[in-house]
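Structure record follows, encoded as structure tokens.
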Amino acid sequence: MRQMQLVYFDLVVVDSDIGLCTVMREQWRALEDAYEAGLARAIGVANYCEASFECLKSTWRHVPHVNQIQYHVGMTKDPDGIKSYCESLGIQVQSFSVLGGAEVMEEPGGGVAPLGVSPPKPEVSLTKNSKLRAIGGRLGGWSSAAVAIRWAFQNGFAVITKTTSRAHLKESVQIFGWSLSADQMAELDAPAALGTRNDFYSLSCNCFSSSICLGFDRDGKPGAFQSESDCLP
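So, in structure tokens, the structure goes:
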């Protein structure tokens with residue numbers, strides 16, 4: 007922070023559920039300390055699912071402000087129910103990779119790759135998707151990227167974007183001035199609508215087993231244990 011000449015960060019996020027509840031609680035406690043010290047205006051998590059939050063709930067002093075997940079066209083309105091769950095706790099869901107990325111997969115001929123199986127064609131960019139382009143054209147000439155961003159925003163997600171293009175930045179800001187119809191939203195919500203699928207969320211959200219504890223046994227030996235009663239955190 008001194009090297010960056012900053013007084014505080016707008017948002018600090020701990021990335022990914024590592025699968026060990028004790029460690030996750032310690033990580034969150036460190037962010038809470040930073041928040042209470044005024045070093046961060048907001049704190050959050052990334053790629054957390056329901057079980058991850060259930061781990062934190064018993065000890066947290068502050069509810070995470072955001073939960074960042076990869077979210078793009080074809081992932082339904084509420085993937086794995088995480089959006090509605092976060093909203094019930096007052097947590098804002100935030101989308102990254104809204105234009106797809108390496109995990110957006112399509113097989114030759116438009117088929118969907120089976121879960122966990124890499125197809126011959128490793129990446130499909132939603133910026134080049136003909137269906138998104140057609141919808142954007144009918145709405146006044148918006149790009150596929152603008153349609154994808156508007157879709158995520160209209161589904162209640164805060165959207166993280168980046169660009170090196172002034173024109174792209176201007177278009178992204180303008181998505182607040184128009185909207186997709188209910189039929190268009192439903193079409194883009196559908197997992198099979200674009201012939202693509204995304205395995206990232208279900209595979210990256212490594213929800214821990216509540217029976218696992220990281221700590222020390224009665225003899226002081228460190229390790230991971232099947233029951234918290236068998237270890238001393």
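Note that the sequence shown covers residues 7 to 239 in the working numbering. The beta carbon of each residue, even a glycine, is placed where N, CA and C say it ideally should be.
(Q) Which of the three DSSP states is assigned to F278 in this structure? (A) The question about residue 278 has no answer, for the chain in this structure spans 7 to 239.
Q: Measure the CB-CB distance between V79 and L138 and report whether it falls below 8 angstroms.
A: Taking 8 angstroms as the Cβ cut-off, V79 and L138 qualify as a contacting pair.
Q: May I ask you to report which of helix, strand or coil DSSP gives V79?
A: coil
(Q) If contacts are defined as beta-carbon pairs under 8 angstroms, then A48 and V72 qualify, I think. What distance do you get, rounded to the angstrom? (A) 7 angstroms
Q | Of the residues E42, L194 and C55, the one placed nearest Q160, counting alpha carbons only | A | L194
Q: Could you tell me which residues DSSP puts in a beta bridge with F102?
A: Q76, per the DSSP bridge assignment.
**Q.** Residue burial classification, M81 (beta-carbon count within 10 angstroms, cutoff 16)
**A.** Buried, since its Cβ has 16 or more Cβ neighbours within 10 Å.
Q | Cβ neighbours of V13 in the same chain (closer than 7 angstroms, five flanking residues each side left out) | A | none
Q. Does the beta-carbon distance from R67 to E38 come in below 8 angstroms?
A. yes
Q: Would you mind stating whether C74 and V19 have Cβ atoms separated by less than 8 angstroms?
A: According to the sequence as given, residue 74 is Gln; it is not Cys. Cβ distance < 8 angstroms, so Q74 and V19 count as in contact.
Q | Closest Cα partner of K262 within the set I181, L105, R156 and P85 | A | The requested residue 262 is not part of the displayed model; the chain covers only 7 to 239.
Q | C-alpha gap between K83 and M191, whole angstroms | A | 9 angstroms
Q.
With a threshold of 6 angstroms on Cβ separation, who are the neighbours of T133 within its own chain once the five nearest residues in sequence on each side are excluded?
A. L105, S150 and A151
Q | Enclosing beta strand (DSSP E) for I97 [first to last residue] | A | First-last for I97: undefined, no H or E at that position.
Q) What is the C-beta distance between C55 and I88, in whole angstroms, given that I count them as a contact (C-beta under 8 angstroms)? A) 6 angstroms
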